[in-house]
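What follows is one structure encoded as structure tokens, with my remarks underneath.
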Amino acid sequence: MRRSVRIANTAVIALIFFGGGAVKQSSFAARAQQKTASAAEVKIDNFSFGPAAITVPVGTTVTWTNRDDIPHTVVSTDKVFKSKVLDTDEKFSYTFDKPGEYPYFCSIHPKMTGKVVVTN
Amino acid sequence: MNPFDLKSALLAKHAQHVVLIHFPIALFIAGVAFDFLAQGTKRRALAAVAYYNVLGAAWTVIPVLATGILAWQLQLEGQKLKGILLLHLLFGCASAILIWLVFYLHIHLTKRGQENSFPAFRLALETVAVLVIALTGHLGGFLSGVNGPN
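The listed protein sequences derive, respectively, from chains A and B. Everything in the first sequence is counted per the working numbering, starting at 1003 for the first residue and increasing by one. Everything in the second sequence is counted per the working numbering, starting at 1079 for the first residue and increasing by one.
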């Protein structure tokens, strides 16, 4: 009897330990997946957006960071979003809630263009 | 874009200011150079050339100021400026004031028929104006990406 209780206790402890770990692991994985699915970065450097075109799922927040020595802006061609003037190391974020193509440019340097493609 | 397409050229985003700015810069620097020559050689013809160059600079600086301020108001929606953009605006305004001040001196003395008796501070003022214009142009070139791959 004592032996079977001990075995049962060990089994419960093992279940809690490994099971909990598995749950923890799966929640970490889910969080990581969520993170990659909901955030994207575009670097502004040397008078260009990098990458110039990105494809992201709906709900993604895209963050533009100005790594250039001079000010830039991020302005949607269709007037969906518009940043203030970004000095060096300043950031601008926008969350894309609808699928579609979002071309944008820098209003100080209109030759600088980029595009965000939002998919379902 | 076709460079000879007038509509595209006139409606190009923010292009007018960077095109027009070359006129007052070139005219004013040429005017100052001729004024120095006129002062050194005492030739009235050179003083007249200096006067007309400065005259051209004074009038062409008006559309440059207007397009610069329009670019700020329209492209940047009149945002509060800082850094290089603010410096460019301030030095640009200072340049325009200096150009008009030099022009006023020229017009004032020419009307009096005293082209050859300019006050000595005029050349110093013109030198300062050229330096401020050069600094404004340098900042403008930096902003427009003249040194970059744009």
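Just so it is clear, CB atoms sit at the ideal spot from N, CA and C, and this is done for glycine as well.
Starting from the Cα of residue i, find the closest Cα among the options and give me that residue.
i       : options                               : result
B/H1216 : B/F1082, B/H1100, B/Q1094 and B/D1083 : B/H1100
B/L1221 : B/F1082, B/D1083 and B/V1096          : B/V1096
A/P1101 : A/V1058, A/D1071, A/P1073 and A/E1043 : A/V1058
A/E1092 : A/Y1104, A/I1056, A/T1075 and A/Y1106 : A/T1075
B/A1123 : B/L1143, B/F1169 and B/T1188          : B/T1188
B/A1111 : B/G1218, B/V1208, B/L1143 and B/L1164 : B/V1208
B/Y1130 : B/I1107, B/H1166 and B/L1201          : B/I1107
B/L1213 : B/L1098, B/A1093, B/I1103 and B/F1082 : B/I1103
B/G1218 : B/Q1117, B/F1181, B/L1167 and B/A1126 : B/L1167
A/Y1104 : A/V1118, A/P1073, A/P1112 and A/A1041 : A/V1118
A/K1111 : A/V1087, A/E1043 and A/D1099          : Looking at the sequence provided, one finds His at residue 1111 of chain A rather than Lys. The shortest C-alpha separation from A/H1111 is found at A/V1087.
A/T1090 : A/I1056, A/N1068 and A/T1115          : A/N1068
B/Q1153 : A/S1109, A/A1041 and A/V1120          : A/S1109
A/T1062 : A/T1097, A/F1107 and A/K1113          : A/T1097
Taking the beta strand (DSSP E) that residue i belongs to, which residues open and close that run?
i       : result
A/K1093 : K1093 to T1097
Helix, strand or coil: how does DSSP classify residue i here?
i       : result
B/N1131 : helix
A/V1082 : coil
A/V1064 : strand
A/V1077 : strand
A/H1111 : coil
B/Y1182 : helix
A/L1088 : strand
B/K1158 : coil
B/R1122 : helix
B/K1189 : helix
A/I1072 : coil
B/F1169 : helix
By the DSSP assignment, the alpha helix (DSSP H) with residue i in it spans what residues?
i       : result
A/F1049 : Counting along the chain, A/F1049 falls outside any alpha helix (DSSP H), and DSSP gives it neither H nor E.
B/A1207 : F1199 to S1222
B/Q1117 : H1100 to T1119
Have a look at the DSSP bridge pairing and note the partners of residue i.
i       : result
A/K1117 : A/A1055 and A/P1105
A/A943  : The displayed coordinates of chain A run from 1003 to 1122. Any statement about residue 943 of chain A would go beyond what the structure contains.
If you measure from the CB of residue i, is any heavy atom of the ligand GTP nearer than 7 Å?
i       : result
B/A1108 : The ligand GTP is absent from the structure shown, which contains no ligand whatsoever.
**OP:** Please list the residues of the stretch 1067-1081 of chain A that have a C-beta atom closer than 9 Å to any C-beta atom in chain B, keeping them in chain order.
**Re:** Of all residues in the stretch 1067-1081 of chain A, the ones placed with a Cβ closer than 9 Å to any Cβ belonging to chain B are D1070, D1071, I1072, P1073, T1075 and V1077, in chain order.
Original post:
In chain order, what residues of the stretch 1093-1122 of chain A put their CB closer than 9 Å to some CB of chain B?
Top reply: F1107, S1109, I1110, H1111, P1112, K1113 and M1114
**OP:** Output, in sequence order along the chain, the residues in the stretch 1136-1151 of chain B whose CB is closer than 9 Å to any CB in chain A.
**Re:** A1149
Original post:
Using Cβ-Cβ distances below 8 Å, what residues of the stretch 1041-1055 of chain A are close to chain B?
Top reply: N1048, F1049 and S1050
**OP:** Could you run through the stretch 1108-1123 of chain B and flag, in chain order, every residue whose CB is less than 7 Å away from some CB of chain A?
**Re:** none
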